[in-house]
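Residue numbers (the numbering used here): 450 to 678.
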Ligand SMILES: *Cc1c(COP(=O)(O)O)cnc(C)c1O
């Protein structure tokens with residue numbers, strides 16, 4: 450079951466979006482990057498269509514969800530109503546949801562084990578869909594957290610390509626909450642560079658400006674846009 454949706458509405462969604470856009474613009478300017486080199490993923494998990502619609506109306510087209518079932522319940526109607534929506538899966542994926550994930554999502558940020566690679570490879574061929582794929586790293590080596598430990602990353606990325614025929618486009622990380630994020634972003638960028646991966650999914654509401662400094666191409670921002678969950 451999806452988590453219980455919040456009934457309290459953030460009437461200020463578009464103003465949250467505007468503030469985030471302003472901070473992205475500032476971070477890009479500071480680091481001499483083009484705004485177009487950073488994709489903002491508005492993370493709408495736990496929020497219902499009536500909170501999401503104003504953000505779409507304000508011009509945002511790229512959204513992230515962390516659960517396949519919740520996304521399946523919310524997004525088909527929104528996608529039908531608003532052409533050009535791009536949907537990203539940023540949360541853990543189970544093999545038995547790979548079919549639905551490949552059908553619904555344009556990008557999957559949580560590739561982190563052989564069983565997922567196998568399930569995704571099968572569905573990608575079967576459905577003739579090509580979602581953008583990111584390998585999730587566990588840069589803090591936290592036991593409770595998903596992702597590949599840094600020392601296993603090169604071998605895992607190679608096996609995605611060589612054993613499963615998956616085209617991996619980038620890396621994703623979620624730094625430990627109590628750590629300074631910069632070293633985790635730097636490590637993720639370094640591992641991506643040596644594996645010829647162009648995309649970096651890193652940075653959330655609290656640290657997306659820092660992530661942009663370290664080369665993030667995809668930032669995943671929820672509460673700064675939609676309010677507290
Ligand atoms: C919820 C979530 C986000 C967004 O977090 P905020 O702090 O609300 O911006 C980003 N990435 C992942 C993987 C998430 O689950």
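No residue lacks a Cβ here, since even glycine has one placed at the ideal position from N, Cα and C.
Nothing here was measured: the structure is a model prediction, and the numbers come from that model.
Simplified DSSP assignment, three categories, for residue i
{"i": "residue 619", "result": "strand"}
{"i": "residue 579", "result": "coil"}
{"i": "residue 513", "result": "strand"}
{"i": "residue 502", "result": "helix"}
{"i": "residue 535", "result": "strand"}
{"i": "residue 691", "result": "Since the displayed the chain opens at 450 and closes at 678, residue 691 lies outside it and no answer follows."}
{"i": "residue 593", "result": "coil"}
{"i": "residue 586", "result": "strand"}
Boundaries of the alpha helix (DSSP H) in which residue i is found, first to last residue
{"i": "residue 661", "result": "657-662"}
{"i": "residue 553", "result": "547-553"}
{"i": "residue 604", "result": "602-613"}
Segment limits, beta strand (DSSP E) that includes residue i
{"i": "residue 629", "result": "No beta strand (DSSP E) holds residue 629; DSSP gives it neither H nor E."}
{"i": "residue 464", "result": "That residue, residue 464, is in no beta strand (DSSP E); its alpha helix (DSSP H) goes 462-479."}
{"i": "residue 678", "result": "Here residue 678 belongs to no beta strand (DSSP E), and DSSP marks it neither H nor E."}
{"i": "residue 488", "result": "488-492"}
{"i": "residue 648", "result": "648-650"}
{"i": "residue 556", "result": "556-560"}
{"i": "residue 482", "result": "Run containing residue 482: none; DSSP gives neither H nor E here."}
Rounded Cβ spacing between residue i and residue j (contact assumed at less than 8 Å)
{"i": "residue 602", "j": "residue 561", "result": "Not quite, the Cβ-Cβ distance comes to about 10 Å (not below 8 Å), so this is no contact."}
{"i": "residue 549", "j": "residue 517", "result": "5 Å"}
{"i": "residue 508", "j": "residue 491", "result": "With 8 Å as the limit, residue 508 and residue 491 do not qualify as a contact, their Cβ atoms being about 11 Å apart."}
{"i": "residue 673", "j": "residue 465", "result": "6 Å"}
{"i": "residue 606", "j": "residue 644", "result": "5 Å"}
Contacts around residue i, its chain only, beta-carbon distance under 8 Å, and the 5 residues preceding and following it disregarded
{"i": "residue 526", "result": "498"}
{"i": "residue 546", "result": "517, 518"}
{"i": "residue 615", "result": "560, 566, 569, 570, 573, 582, 609"}
{"i": "residue 524", "result": "512, 514, 534, 536, 553"}
{"i": "residue 488", "result": "511, 666, 667, 668"}
{"i": "residue 483", "result": "477"}
Proximal residues to residue i (C-beta, below 6 Å), its chain only, five neighbours per side dropped
{"i": "residue 658", "result": "472, 476"}
{"i": "residue 563", "result": "none"}
7 Å CB neighbourhood of residue i in its chain, flanking five on each side removed
{"i": "residue 576", "result": "551, 552"}
{"i": "residue 588", "result": "599, 622, 624, 633, 636, 637"}
{"i": "residue 618", "result": "581, 582, 583, 646, 647, 648"}
Report task. Spell out a yes or no on whether the stretch 630-649 and the stretch 567-576 are touching, meaning 3 or more CB-CB pairs, one atom from each, closer than 8 Å. Result -> Result no; under three Cβ-Cβ pairs closer than 8 Å.
Query raised in the report: Contact between the stretch 658-674 and the stretch 475-491: three or more CB pairs below 8 Å?
Result: Under the Cβ criterion (8 Å, minimum of three pairs), the stretch 658-674 counts as touching the stretch 475-491.
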